[in-house]
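Undergrad: Residue numbers (the numbering used here): 100 to 424.
No residue lacks a Cβ here, since even glycine has one placed at the ideal position from N, Cα and C.
None of these values were measured; they are calculated from a predicted model.
Let me give you the structure first, and then I'll get to my questions.
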Amino acid sequence: MAASHVLVTGGAGFIGSHTVDRLIAEGHRVTVLDDFSQGSRLNLAAHLGAPELVVVEADVASPLRPVLGEAIERHGPVERIVHLAAQTAVQRSIDDPLHDLRVNAGGTLQVLQLAREQGVRGVVMASSAAVYGDTPVLPVHEGLTPAPLSPYGAHKLVSEGYLRIWAELHGVSTTPLRFFNVYGPRQDPKSPYSGVISLFFDKAFAGAPLTIDGDGLQTRDMVFVTDVVDAILRAVFRDDAVGEPINVGTGRQVTVLELARLVTSFAKSNSVIGFGPARAGSIVHSRAAVDRARDRLGFVAAVPVAAGLERTAAWFAAERASRLA
Ligand SMILES: NC(=O)c1ccc[n+]([C@@H]2O[C@H](COP(=O)([O-])OP(=O)(O)OC[C@H]3O[C@@H](n4cnc5c(N)ncnc54)[C@H](O)[C@@H]3O)[C@@H](O)[C@H]2O)c1
100 MAASHVLVTG GAGFIGSHTV DRLIAEGHRV TVLDDFSQGS RLNLAAHLGA
150 PELVVVEADV ASPLRPVLGE AIERHGPVER IVHLAAQTAV QRSIDDPLHD
200 LRVNAGGTLQ VLQLAREQGV RGVVMASSAA VYGDTPVLPV HEGLTPAPLS
250 PYGAHKLVSE GYLRIWAELH GVSTTPLRFF NVYGPRQDPK SPYSGVISLF
300 FDKAFAGAPL TIDGDGLQTR DMVFVTDVVD AILRAVFRDD AVGEPINVGT
350 GRQVTVLELA RLVTSFAKSN SVIGFGPARA GSIVHSRAAV DRARDRLGFV
400 AAVPVAAGLE RTAAWFAAER ASRLA
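Written out as structure tokens, the structure reads:
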């Protein structure tokens, strides 16, 4: 794939910074646009100052061309966009739906307007399994009628609609990727949307009890962050995508209790695993159908959950050691 100028919105965040690592390793020129409301320059430390990376501090929900002057001067016109910047907290979307609409649906529109202006060839947007709501159907497949349970899920669905429309009206190659539960190094346990894994590691390394909501037999499709990045790159370098959503998961499910046990074991922790009340409205079982990802992208998740957790544990341990030093 030819070296390109790739804009990564939300590139200072968890999934974004891993995407930047891989793009730079593959010889692309990268611009990160982030408002640093959640992400951090520390996540990009390996590349700060390198000629391949331009960092722009800006709001994705405002016009983008005016803030990209230096990036376009340095790297040339934007050729591909990985759109990850978002308000990611489901509860905040319920408390302040207009803010979620502005950042998540409005941000996607700004990205697509830029794509049109710049003649961008490929756009990927981070959608979410949240668009499905609580479906009893397993595996969860893209043919199901979406039924989001929060403004967050609804605005991801609206954004998917914009991607399809931009493909049809303006010929931009677009792909919404519906991420399942992503985990790995740099996931911030203090973030309001932090996944169960980073919360468990935070507790396990502190020797504090891990509390599971409910009986722990609820299942999740946990996908390691480097697998997600693989799917993103495969999708963003397509030239003929028509806005069709694609699941990004492993096709396997693991119980939350099993996750808690693996986390305490990899963290070499004596933390007690306890059980609290089941969370109202929480999804019981989740597992992605992965056929479309394999057919359209040639993507198959490669990292088994035990290997992913071992790598995540090593990162948390190093982080903790550097904080205590
Ligand atoms: N982590 C998951 O399990 C998961 C699952 C489904 C979907 N997603 C989606 O994937 C994307 C990346 O998520 P993540 O887990 O890396 O979260 P993250 O919070 O680490 O990354 C989001 C980034 O967007 C930035 N941002 C937020 N609002 C912005 C704004 N108005 N302008 C510019 N930048 C802004 C934040 O500073 C942050 O760096 C999001 O769109 C999220 O909704 C994540």
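Does at least one heavy atom of ligand 1 sit under 7 Å from the Cβ of VAL202?
TA: The answer is yes for VAL202.
Undergrad: Give the straight-line distance between the Cα atoms of LEU276 and ASP194, rounded to the nearest whole angstrom.
TA: Those two C-alpha atoms are separated by around 26 Å.
Undergrad: What residues in its chain sit with their C-beta under 7 Å from that of ILE382, if we drop five residues either side in the sequence?
TA: Here the set comprises ASP233.
Undergrad: Sort HIS117, ALA111, PRO150 by Cα distance to PHE135 and report the nearest one.
TA: Nearest option by C-alpha distance: ALA111.
Undergrad: According to DSSP, what are the bridge partners of ALA225?
TA: LEU276.
Undergrad: Quick one: Cα of VAL389 to Cα of VAL347, how far?
TA: If I take the Cα positions, the gap works out to 7 Å.
Undergrad: So the candidates are LEU248, LYS367, VAL322, LEU106; which of them puts its Cα closest to the Cα of ALA229?
TA: For the residues LEU248, LYS367, VAL322, LEU106, the minimum Cα distance to ALA229 belongs to LEU248.
Undergrad: I need the straight-line Cα distance from VAL322 to PHE279, nearest angstrom please.
TA: Those two C-alpha atoms are separated by around 7 Å.
Undergrad: To the nearest angstrom, how far is the alpha carbon of ARG319 from that of SER385?
TA: ARG319 and SER385: Cα-Cα distance of roughly 5 Å.
Undergrad: Within a Cβ cutoff of 7 Å, which residues of the same chain sit near GLU169, ignoring the five residues on either side of it in sequence?
TA: Closer than 7 Å at Cβ, skipping near neighbours: VAL153.
Undergrad: Relative to ligand 1, is the shortest distance from any of its heavy atoms to the C-beta of THR108 smaller than 7 Å?
TA: THR108: yes, Cβ under 7 Å from ligand 1.
Undergrad: Give me the Cα-Cα distance between THR349 and GLY283, rounded to the nearest whole angstrom.
TA: Cα to Cα, THR349 sits roughly 14 Å from GLY283.
Undergrad: Rounding to the nearest angstrom, what Cα-Cα distance links LYS214 and VAL271 in this structure?
TA: According to the sequence displayed, residue 214 carries Ala and not Lys. Each residue's Cα considered, the two are about 7 Å apart.
Undergrad: Counting only the same chain and skipping the five closest in sequence on each side, list residues whose C-beta sits under 7 Å from that of GLY126.
TA: Result list for GLY126: ALA102, in chain order.
Undergrad: Where does THR325 sit, in a helix, a strand or coil, going by DSSP?
TA: In this structure, THR325 counts as helix in the three-state DSSP scheme.
Undergrad: Closer than 7 Å to a non-hydrogen atom of ligand 1 - does that hold for the CB of LEU183?
TA: Yes, the beta carbon of LEU183 sits closer than 7 Å to at least one heavy atom of ligand 1.
Undergrad: Considering just the uninterrupted stretch of the beta strand (DSSP E) at THR130, what are its terminal residues?
TA: Segment 128–133, the beta strand (DSSP E) holding THR130.
Undergrad: Give a single yes or no on whether VAL210 has its beta carbon closer than 7 Å to a heavy atom of ligand 1.
TA: Not under cutoff, so the answer is no.
Undergrad: Evaluate MET100 with the Cβ neighbour count: other Cβ atoms within 10 Å of its Cβ, from every protein chain shown; 16 or more gives buried, anything less gives exposed.
TA: When all chains shown are included, MET100 counts as exposed.
Undergrad: At which residues does the alpha helix (DSSP H) containing GLU216 begin and terminate?
TA: Note, GLU216: alpha helix (DSSP H), 206–217.
Undergrad: Let me check understanding here. Comparing Cα to Cα, which of ALA413, THR108, GLU259, ARG128 lies closest to GLY175?
TA: For the residues ALA413, THR108, GLU259, ARG128, the minimum Cα distance to GLY175 belongs to ARG128.
Undergrad: Is the distance from the Cβ of HIS182 to the Cβ of VAL222 below 8 Å?
TA: The answer is yes: Cβ separation under 8 Å.
Undergrad: Considering only residues of the same chain and omitting the five flanking positions on each side of VAL399, which have a CB-CB separation below 8 Å?
TA: Excluding residues within five positions, the ones whose Cβ falls inside 8 Å are VAL389, ALA392, ARG393.
Undergrad: Is it the case that the CB of LEU132 approaches a heavy atom of ligand 1 more closely than 7 Å?
TA: Yes.
Undergrad: Determine the DSSP secondary structure at THR411, reduced to helix, strand or coil.
TA: THR411 falls in the helix class under three-state DSSP.
Undergrad: So ALA412 and PHE300 are in contact, right, with Cβ under 8 Å, and what is the actual spacing, rounded?
TA: Their Cβ separation, rounded to whole angstroms, is 7 Å, which keeps ALA412 and PHE300 in contact under 8 Å.
Undergrad: Check PHE113 in the structure and name its three-state DSSP category.
TA: Of the three classes helix, strand and coil, the one that applies to PHE113 here is helix, per DSSP.
Undergrad: Would you report the Cα separation of ALA185 and LEU423, rounded to the nearest angstrom?
TA: Spanning the two alpha carbons is a distance of roughly 31 Å.
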